[in-house]
Amino acid sequence: MFEFSQIESVYYLLPLIGLLIGFFGTILGGGGGFFILPILTLLIGVPAQTAVITSLAATLPICIVGSLGHFNKGNIDFKVGLKFALAGIFGAFIGASITSIITADQLRISFGIYSIVIASNLFISTWKRKRAENNKTRKQVLTGFSRNIQSSVFGFFAGTITGTFGTSGTAPVLAGLFAIRLPFKLIIGTSLLVVLSNTFFAVGAHALIGKIDLTLICFLTAGSVIGAVIGPKFLSKIKTDKSENKLRYLYAAIIVMLGTLMIMD
Numbered sequence: 030m031f032e033f034s035q036i037e038s039v040y041y042l043l044p045l046i047g048l049l050i051g052f053f054g055t056i057l058g059g060g061g062g063f064f065i066l067p068i069l070t071l072l073i074g075v076p077a078q079t080a081v082i083t084s085l086a087a088t089l090p091i092c093i094v095g096s097l098g099h100f101n102k103g104n105i106d107f108k109v110g111l112k113f114a115l116a117g118i119f120g121a122f123i124g125a126s127i128t129s130i131i132t133a134d135q136l137r138i139s140f141g142i143y144s145i146v147i148a149s150n151l152f153i154s155t156w157k158r159k160r161a162e163n164n165k166t167r168k169q170v171l172t173g174f175s176r177n178i179q180s181s182v183f184g185f186f187a188g189t190i191t192g193t194f195g196t197s198g199t200a201p202v203l204a205g206l207f208a209i210r211l212p213f214k215l216i217i218g219t220s221l222l223v224v225l226s227n228t229f230f231a232v233g234a235h236a237l238i239g240k241i242d243l244t245l246i247c248f249l250t251a252g253s254v255i256g257a258v259i260g261p262k263f264l265s266k267i268k269t270d271k272s273e274n275k276l277r278y279l280y281a282a283i284i285v286m287l288g289t290l291m292i293m294d
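Each residue of the sequence shown is one higher than the last, beginning at 30 in my numbering.
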């Protein structure tokens, strides 16, 4: 279940990397787990299955600290977050079972393809949003039933992605929260709460079938917790209304880049 890998020179970069992941994970949403998996596999060469569960475990401290920070700033919609989280629990266990039956190369390539697809969806939805704003088109009001359906679907998909790839399901959580039109800061805070729930259950499921590298977690967490404390405080001081579309485009571009790197290895 647990193992301590031998310390390599590249490990000493992990606290700095963790600091950046913790910071950006709490101001962009999702806890940064999306970035930990490519770093472990591409930079350090950790086997894919071990990287998945280690990524999940390393994301937990970021989500806990980040969620508390956003809660103190009033950036969490608990009602919406609960709907996402409940659906995500089932997906997390399904995702963990998928990981145990596919090869490392299949896992890596599947993650890359998934990244590009979800980034394309985010890019298109942002473009439509910007066009509607420019045309001053009145936004369609979502009914309670529609919000519940979208929350359940995106929540389940996020949980499945979390269990399969160890990326905290960041992209589908954010896509779902953007789809039901929460304000940007609520999206970031609520996504961390959802990811925290998904990650917790996914770690439990993976612990039964894989090994967690505690050495990597210690090095990553040394910086990521500090970044997770700084992130919510920084976000509370900036105005995101005018820059939200640009932030969404930037996030999509980063996801495409990581996905491409994973496919190319």
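All residues carry an ideal CB built from backbone N, CA and C; glycine is no exception.
Counted within 10 angstroms of its Cβ, other Cβ atoms place residue i as buried (16 or more) or exposed
i	result
Y41	exposed
F263	exposed
N101	exposed
L245	buried
R137	buried
S96	buried
K157	exposed
T289	exposed
K275	exposed
I56	buried
S180	buried
G74	exposed
Residue i and residue j closer than 8 Å at C-beta
i	j	result
A204	G54	no
Q78	A133	yes
K112	G184	yes
I267	T189	no
E37	D242	no
G120	A187	yes
I17	V232	Past the edges of the chain, shown from 30 to 294, lies residue 17, and the structure says nothing about it.
I147	I284	yes
G110	G260	no
F152	A281	yes
A114	V182	no
I65	F230	no
L225	I93	yes
G128	Y278	Reading off the sequence, residue 128 comes out as Thr, not Gly. No, they are not a contact pair.
L72	V39	yes
A125	A234	yes
T228	L43	no
Residue i, DSSP secondary structure in three states
i	result
V39	helix
I241	strand
F33	coil
K275	helix
Y280	helix
S149	helix
T228	helix
S129	coil
K159	helix
K112	helix
N164	coil
K266	coil
Task: Stretch pair the segment 247-260 + the segment 34-52: three plus CB contacts closer than 8 Å - done: yes
Task: 4-residue-minimum alpha helix (DSSP H) runs that sit fully inside the segment 64-107, ordered along the chain - done: 77-101
Task: Inter-stretch contact (C-beta, 8 Å, three-pair minimum) for the segment 243-250 and the segment 84-94 - done: yes
TODO: Please specify which runs of the alpha helix (DSSP H), each continuous and at least 4 residues long, are wholly inside the segment 181-225, giving them in chain order.
DONE: 199-208
Task: Validate contact between the segment 214-225 and the segment 99-117 using beta carbons, cut 8 Å, 3 pairs - done: yes
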